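Asks: Numbering (our numbering), first residue to last: 113 to 328.
Every residue gets a Cβ at the ideal spot worked out from N, C-alpha and C, and that includes glycine.
Here the structure is a predicted model, which means the values were calculated and not measured.
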Amino acid sequence: MPPAPRRRSAGKRTAILDAARELFVRDGVDHVSMDAVAIGAQVSKATLYSHFGSKQLLFLAILADVSESLTAAVEKTLDQHLDPARIRTLPQLEEALTRFAGDLATMMTGSEGYGGVLTLVNQRRWQTPEPADDVATEPVVQILAARLAGFADAGLLDLDDSRTAAFHFGALTLLLANDDQPDPRNVDPDRLRRVVAGGVRTFVRAFGARQSNPKP
113 MPPAPRRRSA
123 GKRTAILDAA
133 RELFVRDGVD
143 HVSMDAVAIG
153 AQVSKATLYS
163 HFGSKQLLFL
173 AILADVSESL
183 TAAVEKTLDQ
193 HLDPARIRTL
203 PQLEEALTRF
213 AGDLATMMTG
223 SEGYGGVLTL
233 VNQRRWQTPE
243 PADDVATEPV
253 VQILAARLAG
263 FADAGLLDLD
273 DSRTAAFHFG
283 ALTLLLANDD
293 QPDPRNVDPD
303 RLRRVVAGGV
313 RTFVRAFGAR
323 QSNPKP
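See below:
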């Protein structure tokens, strides 16, 4: 029995996104034609344009796909490492934050799907900055800010604004790791985790409660 039309359409859409992501990361968006994407995805030009009417729309779809996947990954990694019920002291929190950021940075920096796209976005910011040409990180910021606020309520962190603290944490760990090793094909995992650990230490020094006595 042949696959249902909707399933075939979803499969072709995924193939188009995968092919376009690889080509965009390798050659740059401006240097990739829609013909090349169609060939890479093994679909006709008509099929390509039925899913994405222009190269810009295709690029924005890749960014949306990465944003959604990144949000899900952050939620999963947070639950793995930052369970408030298991973290009672500031050293425990620092260790947990280091594991959390290390795993997330390894996934993001070592993957062409994440690291390559983030590097591509950074390049386009300098060339032709457009507000829409970015990975939406606000959901990630909100998720992390809520978890950090919980640790502040528990007496482990001293925060004036949990959202600002989440931005600082991301800059000191994930963004720094990506800037240090922007090529996902040549990532040194030990160096990456050292960079992340240093960022977490800086964050804890800045935001750790001076008397980190957890609230009952």
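Quick check: the Cα distance between His193 and Ala208, rounded to an integer number of angstroms?
Replies: Taking the sequence shown and counting its residues from 1, one reaches residue 193 at position 81. Taking the sequence shown and counting its residues from 1, one reaches residue 208 at position 96. C-alpha separation (whole angstroms): 6 Å.
Asks: Taking the continuous alpha helix (DSSP H) assigned at Asn290, which residues delimit it?
Replies: The sequence position of residue 290 within the sequence shown is 178, counting from 1. Asn290 -> alpha helix (DSSP H) spans Leu288 to Asp292.
Asks: If Thr221 and Val299 are in contact, beta carbons under 8 Å, what's the gap, nearest whole angstrom?
Replies: Residue mapping note: residue 221 aligns to position 109 of the sequence shown, counting from 1. Residue mapping note: residue 299 aligns to position 187 of the sequence shown, counting from 1. The pair is a contact, with the Cβ atoms about 5 Å apart (cut-off 8 Å).
Asks: Three or more C-beta pairs under 8 Å: does that hold for the stretch 187 to 206 against the stretch 259 to 271?
Replies: Segments in contact, yes.
Asks: Examine the ligand MN and report whether any of its heavy atoms sits within less than 7 Å of the Cβ of Ala278.
Replies: The model on display carries no ligand, and the ligand MN is accordingly not part of it.
Asks: Helix, strand or coil for Leu269? Go by DSSP, reduced to three states.
Replies: Residue mapping note: residue 269 aligns to position 157 of the sequence shown, counting from 1. DSSP places Leu269 in strand when its eight states are reduced to three.
Asks: Can you tell me which of Arg200, Tyr226 and Leu216 puts its alpha carbon nearest to the alpha carbon of Thr189?
Replies: Along the sequence shown, read from residue 1 onward, the residue named residue 189 stands at position 77. The candidate whose alpha carbon is nearest that of Thr189 is Leu216.
Asks: Considering only the alpha carbon of each residue, which of Ala148, Gly228 and Ala248 lies closest to Gln293?
Replies: Here residue 293 refers to the residue found at position 181 when the sequence shown is read from its first residue. When each option's Cα is compared against that of Gln293, the closest is Gly228.
Asks: When the Cα atoms are used, what is the spatial distance from Arg200 to Gly320?
Replies: Looking up residue 200 in the sequence shown gives position 88. Looking up residue 320 in the sequence shown gives position 208. Going by the C-alpha atoms only, they are around 13 Å apart.
Asks: Start and end of the alpha helix (DSSP H) containing Leu170?
Replies: For the purposes of this step, residue 170 is taken as the residue at position 58 of the sequence shown. Where Leu170 is concerned, the enclosing alpha helix (DSSP H) stretches over Lys167 to His193.
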